[in-house]
Amino acid sequence: MKSKALLFPYFGTKQRLDTEAALESFLAARGKSWLSLSLSYILNELVSNAAKANLKRLFFQKNGLDIKDAKAYAQGMLNFKEALTSDTETYFKLAEQTDSLISVLFEETTDVLSITIKNNSGLEPEEIKRIQEKISNAVHFAGLQDLMLQTMDETEGAGFGLASIILMLRKMGLDETALQLETTPNLTTFQIQVPLSILSEEEQEVIAEAILSEINVIPQFPEHITRLQSLLGNPESNFQEISAIIRKDPALITNILKAVNSAAYGLPKPIANILDAVK
Numbered sequence: 000m001k002s003k004a005l006l007f008p009y010f011g012t013k014q015r016l017d018t019e020a021a022l023e024s025f026l027a028a029r030g031k032s033w034l035s036l037s038l039s040y041i042l043n044e045l046v047s048n049a050a051k052a053n054l055k056r057l058f059f060q061k062n063g064l065d066i067k068d069a070k071a072y073a074q075g076m077l078n079f080k081e082a083l084t085s086d087t088e089t090y091f092k093l094a095e096q097t098d099s100l101i102s103v104l105f106e107e108t109t110d111v112l113s114i115t116i117k118n119n120s121g122l123e124p125e126e127i128k129r130i131q132e133k134i135s136n137a138v139h140f141a142g143l144q145d146l147m148l149q150t151m152d153e154t155e156g157a158g159f160g161l162a163s164i165i166l167m168l169r170k171m172g173l174d175e176t177a178l179q180l181e182t183t184p185n186l187t188t189f190q191i192q193v194p195l196s197i198l199s200e201e202e203q204e205v206i207a208e209a210i211l212s213e214i215n216v217i218p219q220f221p222e223h224i225t226r227l228q229s230l231l232g233n234p235e236s237n238f239q240e241i242s243a244i245i246r247k248d249p250a251l252i253t254n255i256l257k258a259v260n261s262a263a264y265g266l267p268k269p270i271a272n273i274l275d276a277v278k
């Protein structure tokens, strides 16, 4: 097993650059440089969240709040984000003076590249619930547009980041199972596992081109169905034109008459004429 580890008390600009450089070096040595951009984004999000989790504990201690108390937790989270943004250096110094620790471990086994991020504070039940909800919701997003349209919960400040990580994994050909979370009272661990067999961008393009080349042999829709689709999309078309096309397809006639005479429409009398059914 080949590995490389980084340790730091907080995650500032220098630590971010060191982490990205270590990742790029690790991937380049294994011929996986093309993963660098996607994994850098994921890694920065996870390490940043790990560092914030530790700083959150320092904030609660500094302000005399019990993070395990639900009421105190809600009260503290109203001010934590603003305090961290406006007084970052103070909390960085507190992290250096205490036992705050974040570790990033890069490992290569026979068939997997794994990145493990740890911070020495456990998650509270409310935090675990929020993280699981973010990941679960992100699974249903079709893409970044869906994510942007959602009303994200900014209380914890990690909603967008966790959801975008799932989308980034999907772009790499992976899914949410590639991201694992474990927590104990004094430790939180996130791990990303990337199979060494993952297809490169070039290989994905070759497969896509092969699929496209086969499209010509896929049976086409009957001409009258294509014409019908065109008419239905044209606001200038009329019932007579549409009915005339439908009459060319006995199966379509049967399905339409069955649908229009179903309980869903609740018509007072049966419809037997296709023009009336279309209307």
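For the sequence shown, position 60 (counting from the first letter as 1) is numbered 59 according to numbering that gives the first Met the number 0, and the numbering increases by one without interruption. Idealized CB from N, CA, C, for every residue including glycine. These numbers were taken from a predicted model, which means no experiment stands behind them.
As assigned by DSSP and simplified to three states, the class of residue i
i: E107; result: strand
i: E240; result: helix
i: L180; result: strand
i: S99; result: coil
i: K278; result: coil
i: N118; result: strand
i: S113; result: strand
i: I191; result: strand
Close Cβ partners of residue i (< 6 Å) along its chain, the five nearest in sequence each way excluded
i: S120; result: A52, N53 and R56
i: T309; result: Outside the displayed range of the chain (0 to 278) lies residue 309, so it cannot be described from this structure.
i: A157; result: Low confidence applies here, because A157 scores a pLDDT of 48, under 50, leaving its location unreliable and the question unanswered by this model.
Cα-Cα separation, residue i to residue j
i: N233; j: E240; result: 11 Å
i: E126; j: S24; result: 33 Å
i: Q228; j: V277; result: 14 Å
i: L34; j: Y40; result: 10 Å
i: E81; j: T187; result: 24 Å
i: A28; j: R226; result: 56 Å
i: N78; j: V259; result: 58 Å
i: A69; j: N43; result: 29 Å
i: A21; j: K3; result: 8 Å
i: V46; j: L195; result: 23 Å
Best match in the options for proximity to residue i [C-alpha to C-alpha]
i: H308; options: K92, E235, S236 and I245; result: Past the boundaries of the shown model lies residue 308; the chain is included only from 0 to 278, so the question cannot be answered.
i: Q14; options: A243, F91, A28 and K268; result: F91
i: P249; options: S236, K268 and N272; result: N272
i: I197; options: A162, P267 and K31; result: K31
i: L178; options: I255, I130, L5 and L251; result: I130
Per-residue burial, residue i [other beta carbons within 10 Å of its own, 16 or more giving buried]
i: N237; result: exposed
i: A50; result: buried
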